[in-house]
Each structure stands twice: as C-alpha cells, then as structure tokens.
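Residue numbering for the sequence shown is 1 to 490, as defined by UniProt numbering.
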Amino acid sequence: MAEKSFKYVILGGGVSAGYAAREFDKQGVKPGELAIISKEASLFYVYFNDEDLIAFENAVWFFIDKTSELGVVAPYERPALSKAYLFPEGTARLPGFHVCVGSGGERLLPEWYKEKGIELILSTEIVKADLAAKTLVSAAGEIFKYHILIIATGSAVIKLTDFGVQGADAKNIFYLREIDDADKLVEAIKGKKNGKAVIVGGGYIGLELSAALRINNLDVTMVYPEPWCMPRLFTAGIAAFYEGYYANKGVKIIKGTVAVGFNADSNGEVKEVKLKDGRVLEADIVVVGVGGRPLVTLFKGQVEEEKGGIKTDTFFKTSISDVYAVGDVATFPMKLYNDIRRVEHVDHARKSAEQAVKVGSFHAFVVSSSSNASELNLSRSISAIKSNEEGKTIDAYDYLPFFYSRSFDLSWQFYGDNVGDAVLFGDNDPASPKPKFGSYWIKDGKVVGAFLEGGSPDENKAIAKVARVQPPAVNLDLLTKEGLSFACKI
Ligand code: FAD
1 MAEKSFKYVI LGGGVSAGYA AREFDKQGVK PGELAIISKE ASLFYVYFND EDLIAFENAV
61 WFFIDKTSEL GVVAPYERPA LSKAYLFPEG TARLPGFHVC VGSGGERLLP EWYKEKGIEL
121 ILSTEIVKAD LAAKTLVSAA GEIFKYHILI IATGSAVIKL TDFGVQGADA KNIFYLREID
181 DADKLVEAIK GKKNGKAVIV GGGYIGLELS AALRINNLDV TMVYPEPWCM PRLFTAGIAA
241 FYEGYYANKG VKIIKGTVAV GFNADSNGEV KEVKLKDGRV LEADIVVVGV GGRPLVTLFK
301 GQVEEEKGGI KTDTFFKTSI SDVYAVGDVA TFPMKLYNDI RRVEHVDHAR KSAEQAVKVG
361 SFHAFVVSSS SNASELNLSR SISAIKSNEE GKTIDAYDYL PFFYSRSFDL SWQFYGDNVG
421 DAVLFGDNDP ASPKPKFGSY WIKDGKVVGA FLEGGSPDEN KAIAKVARVQ PPAVNLDLLT
481 KEGLSFACKI
C-alpha cells in the first residue's frame, strides 16, 4: 500500500485544522511539508442519483484535479451547520464559510491549500495510530508517516443507538456533526414540507435546530429531561426567557422526560417518538442533540488522558514528544482558573490551534529541523531561548472561555465561568420587541462570568472584559440594578 511522509500532519479537517494551517503558513511552512488528513468527504453528492453518485465517487479525484476544486470540503466553520446552513433563505453553503471567516479572517478556499503546497487528504479515515512509530493508517490501508502530529479529531455525537434505544436506527432520525449530516437533514426538510419534527435534547444543538426547523415551517416539539434548557450554562431565569420566546414562535417544549423508543412505518421512516412519561409524539423528522464525546480512541493507552481528553501542556503538547492535541480533544491548563479543562467550543478550537503551531510544533521543528527525537525534546527550551534572545517570551495559553449561540432573531454571548451566585438584569420579557438582558456570576466577591442577550459588539466586549478582569462585587442588589452599565464602566 502507498506510503506518504510529511514533516507535519494535522489529523482532522475541522475548525482547528484550518486555523493551524493558516498559522503554519504565517510561520513559513514549505510546500509539501504539511498535510491535513480528514474523513470528511470531497464531493457534493446532492446533484446525483445513486448510479451517478457511484460513478462520480470513483471519478472524484480525476474530476477535481482536471477541473476545479468544486466539492472539496476543506476546513470550515462548523457552527454554520446548525444555523444558516439549514435556513430556507439566506442559506450558507461552501465555499462561503470555509475557515477563517468565522473570526473575520481571510477565507481559505481549497485553492489556497494547493497554492501553499499544503496537501488536503480528504475522504480518508484514519483507523490506526501508532505514536511510537509515528505512523497513521487509513481505512483503505494507506500509511502516513509524520515527524510532528497535531491531533485535531474533534468530537463525535452521542447516538441513541449507543444506548440501545428501541427503534433509534429508523430513517429520518438525524444527528448533526459534519456537513454530510447537514446535507441529509436539508434533504429531509425539503421532503417533509410542513411536517412534524421532534428535537431530542435541550442544549445548544437542540435550541438552534428547533429554531432552524421552525423557520422551515415544520411543526416543532422539543423534548428534554432537565427542568430547563441549556442547564449546563443557563440559570432558570435565563432559560425562562428562551423557553418563552420559543413558545411564542410556536415551538412546543416538553420537559422532564426522555425519548425511550421510536415507531417507524413500512419504509422504515420514523413516525412516532415514545416518551418515558407515556406520551407518544408524531414525527416525520427527529433530530437528536444529546451531546458529544471527544474522538480520542485512536490514541488510547498511547498518550496521557485527563477529563476525557488528551492531556496537554499550555502549548498543547501531549505526553508524547512531537504530538500535539488541539480543539475539542485537548485537556489543557486553564491559566485564568488555575485548573485543567476540556472545552468544546469554536473559539478555543481556533486559538488552541494557533497556539500549538505558533509556539509549539513549528518552532520545535525549525530550531532542530533534521534532528533526532532527543534534540526535538529540547526544542521547547531552545525555542524559549530563541524567543528570549529576540527579546520575546512565549506566553502561556491564557484562554477566557467564550461561548455563543444564535437562533431566530436572538444572539447571546457568554464569557468566563458560570460558578457561584448569579444575578439577572435587563429586559428579559420574551414578548419584548427588542429584549436585552444578561447575567453575572459572582464567586468569592468577584464577578467571574457574564452573559448577554442582544448585546452590541461594544457591549459584548464589555462583558468579556468583566469576565477577564473579575472586578469585585459585594452588593448583588446593586449589581442587578446597575446591570449592563456595570460592565460598561470596567
Ligand atoms: P472539528 O471541527 O469537529 O473537526 C474534527 C475533524 O476531524 C473533522 O473533520 C472529522 O471528520 C475529522 N476526523 C475525526 N476523526 C478522524 C479520523 N479518524 N480520521 C480522519 N479524520 C477524522 N461552538 C461554539 O462555540 N459556538 C457555536 O455556535 C457552535 N455551533 C456548533 C454547531 C454544530 C452543528 C457543531 C457540530 C458544533 C458547534 N460548535 C459550536 C462546536 C465547535 O464547532 C467545535 O468545538 C469545533 O468544531 C471543534 O473543532 P475541532 O477542530 O476540535 O473539531
């Protein structure tokens, strides 16, 4: 079987892979040195019937090489999949949301990788990783050798079939992680016009998908076991606003129960969702958003793990030399809280990738380019010495947690830590024409987290600053009264 060798391999072709590639380019990577290996597909199958699809799949490399990069799924901004990708109007499609547009940067089209000599190895699932031998093996048996590896495999969705939920393998039960999943969901939405949709899960996927399906005029019911939506972040007060707003938009919400089974018709298409409390809901489409798990199984037993992810230092270096882990899979030191955490959010995927390349792998390699492993082990301190010589220091990753979501006309941002006491301020009436409200979290007399719905860019900056600076707040009543103006004067 073919064997390919690269100085740098990024395993995974998602958000962090794209931001890492841009940083590699900034640092001056040479053509042929870097490859991105991803299982995400390299074709648009939606234009073809089954026979054409098979023929097209076989011819895809020829097609792409001979004509254009049409259909190449280069790294893209994954959050678009649960938002504008599903809208009936103003729909987002590639190449519109390739990285790095999500952070206001230049869009890296497939041609960009070609120009830079960065190899995009797509439709290629790695099924075996041998970190000692520095080798990856694909499902098709191709062997990839690397000098430095960045693990950027992200997360996989948790499926109801994983728990043996009866009927959970019926057709039209969807999960959403990759563009392929989103394409299938879009087809189903078109095929089930004005039909009924049940959304299982009340997290951000559940909330964004309920909105997207409602905008597509489906009759939407959300089901989740918790007393309110987004319980990992929202307080009861915050959630009450979103639940009220969704209800006003016609989304039905059933709380305190779970889906325990599904009935399908003779075509195998889902027709009913059975709930634990005995209720049965009609459904033409079901979308399940019950969480994800980091994709680390390939590396089990080969690298240190912590909190379900791959343990890294502040430069995203793992316990194995020349192996880095970024994005969803990394459990890293959170300097601000003197803690170690794993974060499944796009902002961290972007920043961790840049950090790993900036101060980690690239310098490590440049400083001792043709060196052996022991020299490379020294590279961290060498790169620090080099930086010191130039009057620079390598900064530790100092991440401020940042989460956001958008649905209907709503848009919220959260910064910091949602621990301690919470206060709610502002206009949180779901019927308001322009609701604007927020929350602060206060721990040990300091404001450690801030949430804002409907903020302007400047107001969002202000709450980010509060979470970073952690100003004192002793009088919670006063803080509630001051509301957003408290953040704006920090
Ligand atoms: P990913 O972007 O998931 O990329 C992982 C890549 O690795 C994929 O291309 C995958 O195919 C590939 N891969 C995995 N295993 C293998 C293998 N064995 N062989 C080859 N390739 C492999 N975050 C927010 O902060 N705000 C949001 O609004 C938001 N919305 C989201 C909406 C959706 C639908 C999803 C799924 C996520 C959303 N997120 C959001 C989370 C955010 O997108 C992720 O945290 C981010 O994508 C993580 O980046 P990553 O590079 O670690 O992984």
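Heads up, the beta-carbon is just placed ideally off N, CA and C, and yes, glycines get one too.
1) Check whether the Cβ atoms of Arg342 and Gly301 lie closer than 7 Å to each other.
2) For Gly420, name the three-state secondary structure that DSSP assigns.
3) Measure the CB-CB distance between Pro430 and Phe241 and report whether it falls below 7 Å.
4) In whole angstroms, give me the CA-to-CA distance for Val157 and Tyr19.
5) For Ile36, which residues from the same chain have a beta carbon less than 6 Å from its beta carbon, with the 5 sequence-adjacent residues on both sides left out?
6) Among Lys358, Val323, Lys307 and Tyr404, which residue has its Cα nearest to the Cα of Asp347?
7) In angstroms with no decimal places, state the Cα-to-Cα distance between Lys274 and Tyr245.
8) Using C-beta distances below 6 Å, list every residue in its chain close to Lys39, excluding the 5 sequence neighbours before and after it, in chain order.
9) The ligand FAD and Ser16: does any heavy atom of the ligand fall closer than 6 Å to the residue's C-beta?
10) Would the C-beta of Glu243 count as close to the ligand NAP, meaning under 6 Å from any of its heavy atoms?
11) I'd like to know whether the C-beta atoms of Ile215 and Glu3 end up nearer to each other than 7 Å.
12) Let me know if Gly105 comes out buried or exposed under the rule of 16 or more other beta-carbons within 10 Å of its beta-carbon.
13) For Glu459, which residues in the same chain have their Cβ closer than 8 Å to its Cβ, ignoring the five residues on either side in sequence?
14) Taking 8 Å as the threshold, find out whether the stretch 252 to 270 comes into contact with the stretch 152 to 168 through three or more Cβ pairs.
15) Out of Pro471, Lys481 and Thr480, which has the shortest C-alpha to C-alpha gap to Ile490?
16) Would you mind reading off the limits of the beta strand (DSSP E) that contains Gly292?
17) To which residues of the same chain is Ala473 closer than 6 Å at the C-beta, ignoring the five residues directly before and after it?
18) Hey, how far is the Cα of residue 494 from the Cα of Pro294?
19) DSSP three-state call for Val15: helix, strand or coil?
20) Leaving out five residues before and five after Val423 in sequence, what residues of the same chain have Cβ atoms less than 8 Å from its Cβ?
21) Report whether the distance from the Cβ of Ser405 to the nearest heavy atom of the ligand FAD is below 6 Å.
22) Quick test of your reading: Arg22 and Leu108, contact by CB under 8 Å. State the CB separation rounded to the nearest angstrom.
23) Since Tyr397 contacts Lys335 with CB under 8 Å, what's their CB separation in whole angstroms?
24) Hey, Ile463 and Tyr415 are a contact pair by Cβ (cut 8 Å); roughly how many whole angstroms apart?
25) Pair every Cβ in the stretch 247 to 266 with every Cβ in the stretch 174 to 189, then say whether three or more of these pairs are closer than 8 Å.
26) What do you get for Ala450, buried or exposed, if any count of 16 or more other CB atoms within 10 angstroms of its CB means buried?
27) For Trp61, name the three-state secondary structure that DSSP assigns.
28) Please give me, in chain order, every unbroken run of the alpha helix (DSSP H) with length at least 4 that falls completely inside the stretch 421 to 485.
29) Would you kindly work out how many angstroms separate the C-alpha atoms of Val326 and Val280, rounded to a whole number?
30) Applying the 10 Å Cβ sphere with the 16-neighbour rule, what's the burial state of Val419?
31) Using a 10 Å radius around the Cβ and a threshold of 16 neighbouring Cβ atoms, would you call Asp339 buried or exposed?
32) Three Cβ pairs or more, each shorter than 8 Å: is that satisfied between the stretch 248 to 255 and the stretch 137 to 151?
33) How many angstroms separate the CA atom of Phe97 from the CA atom of Glu111?
34) How many Å lie between Leu209 and Val287 at the Cα?
35) Excluding the five sequence neighbours on either side, which residues of its own chain have a C-beta within less than 6 Å of the C-beta of Glu482, listed in chain order?
36) Given that a residue counts as buried once 16 or more other Cβ atoms are within 10 Å of its Cβ, and exposed if not, what is Lys30?
Per the coordinate set shown:
1) Against a cut-off of 7 Å, the Cβ pair of Gly301 and Arg342 comes out as no contact.
2) In this structure, Gly420 counts as coil in the three-state DSSP scheme.
3) Contact: yes.
4) When rounded, the distance between both Cα atoms is 23 Å.
5) Closer than 6 Å at Cβ, skipping near neighbours: Ile10, Gly13, Ala17 and Leu120.
6) Nearest of Lys358, Val323, Lys307 and Tyr404 to Asp347, Cα basis: Tyr404.
7) Taking the Cα positions, Lys274 is about 26 Å away from Tyr245.
8) Contacts found: Glu125.
9) Ser16: yes, Cβ under 6 Å from the ligand FAD.
10) This structure lacks the ligand NAP; the ligands present are the ligand FAD.
11) Inclusion of Ile215 and Glu3 in the CB contact set at 7 Å is not warranted, their separation being larger than that value.
12) It is exposed - the Cβ of Gly105 has fewer than 16 other Cβ atoms within 10 Å.
13) Taking Glu459 as the centre and dropping the five residues before and after it, the same chain places the C-beta of Leu452, Leu484, Ala487 and Cys488 closer than 8 Å to its C-beta, in chain order.
14) Remark: three or more beta-carbon pairs, one from each stretch, lie closer than 8 Å, so the stretch 252 to 270 and the stretch 152 to 168 are flagged as touching.
15) The option with the nearest alpha carbon to Ile490 is Pro471.
16) Counting along the chain, the beta strand (DSSP E) containing Gly292 begins and ends at Gly292 to Pro294.
17) Excluding residues up to 5 positions away in sequence, Ile442, Val447 and Leu479 lie with their Cβ nearer than 6 Å to the Cβ of Ala473 in the same chain.
18) Residue 494 lies beyond the range of the chain shown here (1 to 490); nothing can be said about it.
19) The answer is helix: DSSP assigns Val15 an H, G or I state.
20) The beta carbon of Val423 sits closer than 8 Å to those of Ser439, Tyr440, Ile442, Leu476, Leu479 and Thr480, all from its chain and outside the five residues before and after it, given in chain order.
21) Indeed, a heavy atom of the ligand FAD lies less than 6 Å from the Cβ.
22) Cβ-Cβ separation between Arg22 and Leu108: approximately 6 Å, consistent with a contact (criterion under 8 Å).
23) In this structure Tyr397 is in contact with Lys335, their Cβ atoms being roughly 7 Å apart against a cut-off of 8 Å.
24) The pair is a contact, with the Cβ atoms about 6 Å apart (cut-off 8 Å).
25) Because the criterion of three Cβ pairs below 8 Å is not met, the stretch 247 to 266 and the stretch 174 to 189 do not touch.
26) By the 10 Å Cβ count, Ala450 comes out buried.
27) Only weak support exists for where Trp61 lies, its pLDDT of 36 falling under 50; the value from the coordinates is given anyway. Trp61 falls in the helix class under three-state DSSP.
28) At a cut-off of 4 residues, the continuous stretches assigned as alpha helix (DSSP H) that sit fully inside the stretch 421 to 485 are 457 to 469 and 476 to 482.
29) Val326 and Val280: Cα-Cα distance of roughly 42 Å.
30) Burial call: exposed.
31) With fewer than 16 other Cβ atoms within 10 Å, it is exposed.
32) Judged by Cβ distances under 8 Å, the stretch 248 to 255 makes no contact with the stretch 137 to 151, as fewer than three pairs qualify.
33) Rounded to whole angstroms, Phe97 to Glu111 spans 15 Å at the Cα level.
34) Straight-line Cα distance between these residues: approximately 8 Å.
35) Contacts found: none.
36) Classification for Lys30: exposed.
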